[in-house]
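Numbering (my numbering), first residue to last: 30 to 467.
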């Protein structure tokens with residue numbers, strides 16, 4: 030993800046994973062298959078995903094081979110909607126956004142709706158270096174596996190797969206939420222690839238983030254003949270940047286402030302009369318982001334005052350931290366440890382940000398990470414990760430989390446007592462959030 034997406038940073042609260050570390054997730058007592066909810070449903074899901082294996086692999090490589098930037102995912106939109114139509118879903122193209130889409134299947138009457146997300150966009154210059162081709166096929170696999178289970182076991186309910194564009198810098202899910210795309214979902218599921226011990230699934234949170242765009246307005250002058258006639262907007266941006274650097278000494282190590290400045294038509298012999306600065310603030314919760322942002326703003330204003338420049342600050346995007354639903358997470362953990370691997374809370378996208386965080390604040394949701402093979406210094410947003418996202422090992426890691434999420438989604442629809450616990454966990458988390466915001 031871009032500035033408002035999965036930017037991976039050095040963790041202060043834990044090690045940065047490298048293949049050379051031979052690190053393992055914290056040991057957990059494996060669950061027994063016989064203790065899982067409806068093992069017969071899980072077996073059917075596994076069979077469905079196995080049947081889809083070749084098709085999903087081809088779909089993943091197709092999307093990976095046609096990387097598209099935010100709001101330009103036309104190829105992905107077309108191949109994914111065609112795929113879902115072929116598998117018996119009712120498809121709505123250009124759903125609220127030109128490259129968003131919705132694929133639904135309903136069985137019986139009176140059931141709940143389980144939401145699923147497929148991301149599709151790539152990164153400038155390095156393609157699918159965040160592995161959204163895998164997220165796309167995971168959503169497809171989850172939705173089709175749930176559909177088949179509803180039919181096989183005569184479970185009333187609806188699965189709604191939402192194709193979500195522009196996670197990388199466009200806040201696509203936030204726009205879709207504001208336009209009502211999530212309003213009928215009882216819960217929503219998705220996943221994300223990341224570095225980590227192979228075979229592990231992460232239930233970590235992520236960082237909330239807020240961005241601001243700052244413009245400084247000065248006055249041009251000849252930089253040698255009469256610089257005193259000018260007001261240097263570049264100096265203002267540099268001072269603002271340095272002020273933030275000084276502030277970092279006084280903010281908690283769990284927080285991040287990163288920025289850059291850009292200009293147009295600059296020349297060494299002309300005092301710049303305009304500069305633009307982009308600044309992102311990240312913290313474990315959105316309330317902490319806002320508190321730190323209130324300290325960053327004076328740093329930016331002081332730079333304008335010192336240089337005699339005018340300033341304009343425009344609030345940008347904001348994305349919330351992931352609030353992983355505890356009940357949904359426990360269900361995925363039971364399935365993973367019984368059948369496929371291990372659970373951890375240290376890897377995944379712990380120090381990144383995602384627009385799905387806003388969805389977790391709106392309704393019960395889950396966004397596990399799943400480890401794929403990487404090389405040293407080859408985590409998300411690198412050319413090495415782009416290559417990793419196309420490997421067969423990454424594909425099969427994706428299929429394992431797909432099966433666990435599909436089984437969890439079916440339980441949301443089939444088990445009223447379980448769904449009541451999901452809602453209770455969401456409501457309890459809301460109360461915690463209110464206390465943290467005080």
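The beta carbon of each residue, even a glycine, is placed where N, CA and C say it ideally should be.
Can you list, in chain order, the residues of its chain whose CB lies under 6 Å from that of residue i, leaving out five sequence neighbours each side?
i: residue 207; result: none
i: residue 12; result: Because the chain spans 30 through 467 in this model, residue 12 falls outside it and cannot be assessed.
i: residue 233; result: 374, 377, 379
i: residue 102; result: 128, 149, 150, 194
i: residue 305; result: 244, 291
i: residue 131; result: 121, 124, 191
For residue i, collect the residues of the same chain with a Cβ closer than 7 Å to its Cβ; drop the 5 residues on either side in sequence, then sort them by chain order.
i: residue 171; result: 145, 218, 431, 434, 435, 438
i: residue 443; result: 184
i: residue 362; result: 232, 372
i: residue 440; result: 66, 360, 447
Once DSSP output is grouped into helix, strand and coil, what is the label at residue i?
i: residue 64; result: helix
i: residue 122; result: coil
i: residue 113; result: helix
i: residue 376; result: coil
i: residue 208; result: coil
Decide if residue i is buried, meaning its Cβ has at least 16 other Cβ atoms within 10 Å, or exposed.
i: residue 138; result: exposed
i: residue 134; result: buried
i: residue 302; result: buried
i: residue 470; result: With the chain covering 30 to 467 only, the question about residue 470 has no answer from this structure.
i: residue 271; result: exposed
i: residue 311; result: buried
i: residue 62; result: exposed
i: residue 164; result: buried
Between which residues of its own chain and residue i is the CB-CB distance below 8 Å, once the five residues before and five after are set aside?
i: residue 297; result: 252
i: residue 450; result: 356
i: residue 125; result: 204, 205, 208, 209, 210
i: residue 325; result: 241, 273, 276, 286, 308, 310
Please report the distance separating the alpha-carbon of residue i from that of residue j.
i: residue 186; j: residue 381; result: 33 Å
i: residue 352; j: residue 300; result: 47 Å
i: residue 368; j: residue 72; result: 11 Å
i: residue 129; j: residue 108; result: 12 Å
i: residue 119; j: residue 111; result: 11 Å
i: residue 276; j: residue 318; result: 14 Å
i: residue 154; j: residue 97; result: 10 Å
i: residue 161; j: residue 396; result: 14 Å
i: residue 393; j: residue 140; result: 17 Å
i: residue 335; j: residue 265; result: 8 Å
Go to residue i, then tell me how far its alpha helix (DSSP H) extends in each direction, as first and last residue.
i: residue 197; result: Element bounds for residue 197: n/a, residue is neither H nor E.
i: residue 232; result: Premise fails: residue 232 is in no alpha helix (DSSP H) and is neither H nor E.
i: residue 316; result: 315 to 336
i: residue 363; result: 355 to 364
i: residue 179; result: 161 to 182
Should residue i be counted as a contact of the ligand SAH given a C-beta to heavy atom distance under 7 Å?
i: residue 257; result: Within the structure as shown, the ligand SAH is missing, as the structure has no ligands at all.
Quick check on the DSSP output: the beta strand (DSSP E) that includes residue i runs from which residue to which?
i: residue 444; result: Where residue 444 is concerned, there is no enclosing beta strand (DSSP E), given that its DSSP letter is neither H nor E.
i: residue 140; result: Where residue 140 is concerned, there is no enclosing beta strand (DSSP E), given that its DSSP letter is neither H nor E.
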